[in-house]
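Reading through the structure tokens given below for one structure.
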Amino acid sequence: MKPFYWALLASLIWGCVPALEKLGLAKVPAMAGLFYRCLGVLIGIVLLLFFQFGSIKESFFTGKSGLLYLMAGGFLASILGQVFFYQGLKTGEASTIVPVAASYPIVSFLIGTLFLGEPLTLAKAGGVLFVVLGVVLLK
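Positions in the sequence shown are counted from 1; adding 56 to them yields this note's numbering.
Given below as structure tokens:
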């Protein structure tokens, strides 16, 4: 499958999840919500390892070079970012909080072009402009 379609599938899944989380946070403190979300991740990763088609050695012992980056990404996205997101989602409207939180491609775009040497194209700049306009309209 082409990368674009993988990204589209991820978007469809991620677009549904905040509704579940908003419902779940209705009578649960945000930090308890984060605990239960992480519990779901733990169960999912155990199932994934159990049913994976590659070998365990292949999955875990591929070298140390990227491990710290991956662990930092996991902490930032799945813990710190989720704490901020849940605090907003618990008290705000999902239809506003989710699109604003999902404007992270702007940050990724800037990091990609400024630090990773990715090309700046008119299409990318236009996409970022529309994301910024969307966030401004929601404010």
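For glycine and all other residues, C-beta sits at the position ideal for the given N, C-alpha and C. In this text, all values refer to a predicted model and were calculated from it rather than measured experimentally.
Assuming residue i is part of the alpha helix (DSSP H), what are its boundary residues?
i, result
"K146", "138 to 147"
"G173", "Run containing G173: none; DSSP gives neither H nor E here."
"S151", "150 to 157"
"V73", "59 to 80"
Give the single residue among the options whose Cα lies nearest to the Cα of residue i.
i, options, result
"L98", "T147, Y142, S134", "S134"
"A75", "L176, S151, L64", "S151"
Just to check my reading of the structure: residue i and residue j have Cβ atoms closer than 8 Å, yes? What is that Cβ distance to the nearest angstrom?
i, j, result
"V139", "V191", "Contact doesn't hold; Cβ gap of about 20 Å is too wide."
"G89", "Y142", "5 Å"
Would residue i pass as an interface residue toward chain D - the criterion being a Cβ-Cβ separation below 8 Å?
i, result
"S134", "Note that chain D does not occur in the displayed structure, where there is just one protein chain."
Is residue i near the ligand SAM, with its Cβ less than 7 Å from a heavy atom?
i, result
"G71", "What this structure holds is no ligand at all, so the ligand SAM is not there to describe."
*Kindly confirm or deny that the stretch 141 to 159 and the stretch 65 to 83 touch, where touching means at least three C-beta pairs closer than 8 Å.*
yes
*How about the stretch 156 to 169 and the stretch 178 to 193: do they share at least three Cβ pairs that are nearer than 8 Å?*
yes
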